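Chemist:
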Amino acid sequence: MTGVRGARYDGIADWYDGYNEAAAGSHGAELARLLGPGTGRCLDLGCGTGQYAEVIRSTGRVPVGLDRSADQLRLARRRVPAAVHADAAALPFADAAFPTVVAMWVSTDVDDFGAVLREAARVLRPGGRLVCYGVHPCFNGPCIENRDDGARIVHPTYRAAGWHPAAPWWSPGGVRSRLGMRHVPLADLLTAFPAAGLVIDRVVEPRDEPLPYALAVCAHRPGA
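Under the working numbering, the letters of the sequence shown match residues 407 to 630, in that order.
Written as structure tokens, this is what we have:
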């Protein structure tokens, strides 16, 4: 992951790689559809253990990984050798260096989502595309209690933006009960894109759950 909180992922890379494998396969198929065919380098922002690198390659692009967790990168470099240890809010790349940026599940782990988007916009070429794919703020997060019948209860803490170290309904042993998460309400999430100078092209609720867990925002940097 990226940002200051990314260091929390150190020490659990081997566990996380297995824990997340099935979900990465499912969401990877959705990512491929959102990206479509392309060429050139694609920055995998918050690449974790590199589980989306092959999906990026399958679209014709060349993945370049970046993560704050050195432990996650230890595994990521087996899948994407060009992986960089850095903070997403201070990217070590020149302006307009990438035609495509992918950000998978980063909003819950960075300290300043707006700052990350501003950096993503900076390193995008004019006309370049960003796919930001992650937690659906309305149906997935510290305010959401999952019920056995598939329904979800939304608690009044939806408006409590910021870091949540725990929630009473998180499953023991899961990634959130281990690490906590940052909650970015829907309005804050969407307005962060134009504030970063990006134009939103599509907002998608991927997969076919009755209540979506994920939200994808496809945007571009104006110009060209």
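In this text, a Cβ means the ideal position worked out from N, Cα and C, and glycines have one as well. Every value quoted in this text rests on a predicted model; they were computed, and no experiment measured them.
Measuring only the C-alpha atoms, how far is F504 from R528?
Modeler: As a first step, residue 504 must be located in the sequence shown, where it is residue number 98. As a first step, residue 528 must be located in the sequence shown, where it is residue number 122. Each residue's alpha carbon lies about 9 angstroms from the other.
Chemist: Nearest to D501 by CA position, among D614, L536, E525 and A521, is which residue?
Modeler: Locating residue 501 in the sequence shown gives position 95, where the first residue counts as 1. Among D614, L536, E525 and A521, the Cα nearest to that of D501 belongs to E525.
Chemist: Who are the near neighbours of V461 in its chain, counting only those whose CB is closer than 6 angstroms to its CB and skipping five residues on each side?
Modeler: Residue mapping note: residue 461 aligns to position 55 of the sequence shown, counting from 1. Contacts found: G434, L437 and A438.
Chemist: In whole angstroms, give me the CA-to-CA distance for W576 and A429.
Modeler: Numbered from its first residue, the sequence shown carries residue 576 at position 170. Numbered from its first residue, the sequence shown carries residue 429 at position 23. If I take the Cα positions, the gap works out to 17 angstroms.
Chemist: Taking DSSP's pairing of strands, which residues face V658 in a bridge?
Modeler: Absent from the structure is residue 658, since the part of the chain shown begins at 407 and ends at 630.
Chemist: Which same chain residues, not among the five before or five after G520, have their C-beta less than 7 angstroms away from its C-beta?
Modeler: For the purposes of this step, residue 520 is taken as residue 114 along the sequence shown, with counting starting at 1. Hits under 7 angstroms: A598, A601 and A602.
Chemist: Sorted by chain position, which residues of the same chain lie with C-beta nearer than 8 angstroms to R480's C-beta, five sequence neighbours on each side aside?
Modeler: Residue mapping note: residue 480 aligns to position 74 of the sequence shown, counting from 1. A419, listed in sequence order.
Chemist: Starting from I550, trace the alpha helix (DSSP H) in both directions and tell me its first and last residue.
Modeler: Numbered from 1 along the sequence shown, position 144 holds the residue referred to as residue 550. Unbroken run through I550 is the beta strand (DSSP E), I550 to N552; no alpha helix (DSSP H).
Chemist: May I ask you to report which of helix, strand or coil DSSP gives H589?
Modeler: As a working note, residue 589 is residue 183 in the sequence shown. H589 falls in the strand class under three-state DSSP.
Chemist: Out of curiosity, what's the CA-to-CA distance linking T408 and V468?
Modeler: Your numbering for residue 408 matches position 2 in the sequence shown. Your numbering for residue 468 matches position 62 in the sequence shown. Legend: pLDDT at T408 = 48, less than 50; position of this residue unreliable, value from coordinates given subsequently. Answer to the nearest angstrom: the Cα atoms are 20 angstroms apart.
Chemist: What whole-angstrom Cβ distance do P548 and A573 have, given they're in contact under 8 angstroms?
Modeler: Taking the first residue of the sequence shown as position 1, residue 548 is located at position 142. Taking the first residue of the sequence shown as position 1, residue 573 is located at position 167. Right, their Cβ atoms sit about 4 angstroms apart.
Chemist: Spatial neighbours of M587 within its chain, please: CB distance less than 8 angstroms, with the 5 preceding and 5 following residues excluded, ordered by chain position.
Modeler: Translated into positions along the sequence shown, residue 587 becomes position 181. Hits under 8 angstroms: T514, D515, V541, G547, P548, W569 and H570.
Chemist: For P616, count neighbouring C-beta atoms within 10 Å of its own C-beta (all shown protein chains included) and say buried if the count is 16 or more, exposed if not.
Modeler: Translated into positions along the sequence shown, residue 616 becomes position 210. Exposed, by the Cβ-count rule.
Chemist: Can you give me the C-alpha to C-alpha distance between R558 and I606, rounded to a whole angstrom?
Modeler: Stepping through the sequence shown from its first residue, residue 558 is reached at position 152. Stepping through the sequence shown from its first residue, residue 606 is reached at position 200. Answer to the nearest angstrom: the Cα atoms are 28 angstroms apart.
Chemist: Would you report the Cα separation of T465 and G556, rounded to the nearest angstrom?
Modeler: To locate residue 465, count along the sequence shown from 1; it is residue 59. To locate residue 556, count along the sequence shown from 1; it is residue 150. One C-alpha to the other measures close to 34 angstroms.
Chemist: For the beta strand (DSSP E) holding G568, just list the boundary residues, first then last.
Modeler: Walking along the sequence shown from the start, residue 568 turns up at place 162. Where G568 is concerned, the enclosing beta strand (DSSP E) stretches over G568 to H570.
Chemist: State yes or no: is the C-beta of V522 within less than 9 angstroms of the C-beta of L451?
Modeler: Position 116 of the sequence shown, counting from 1, holds the residue named residue 522. Position 45 of the sequence shown, counting from 1, holds the residue named residue 451. Taking 9 angstroms as the cut-off, the Cβ atoms of V522 and L451 count as close.
Chemist: So is W421 buried or exposed if we call it buried at 16+ other beta carbons inside 10 Å?
Modeler: Walking along the sequence shown from the start, residue 421 turns up at place 15. Taking every protein chain shown into account, the CB of W421 has fewer than 16 other CB atoms within 10 angstroms, so this residue is exposed.
Chemist: Which residues mark the beginning and the end of the beta strand (DSSP E) in which D607 is found?
Modeler: As a first step, residue 607 is located in the sequence shown; it is residue number 201 there, counting from the start. Here the beta strand (DSSP E) through D607 covers V605 to V610.
Chemist: Taking 9 angstroms as the threshold (C-beta atoms), are V470 and A488 in contact?
Modeler: Counting from 1 along the sequence shown, the entry for residue 488 is found at position 82. Counting from 1 along the sequence shown, the entry for residue 470 is found at position 64. Yes. Within cutoff.
Chemist: Under the rule that 16 or more other beta-carbon atoms within 10 Å means buried, what is P628, buried or exposed?
Modeler: Counting from 1 along the sequence shown, the entry for residue 628 is found at position 222. The residue is exposed, with fewer than 16 neighbouring Cβ atoms inside 10 Å.
Chemist: Pick out whichever of P562, P543 and A622 has its Cα sitting closest to the Cα of A593.
Modeler: For this step, residue 593 is matched to residue 187 along the sequence shown. Considering only alpha carbons, the answer is P543.
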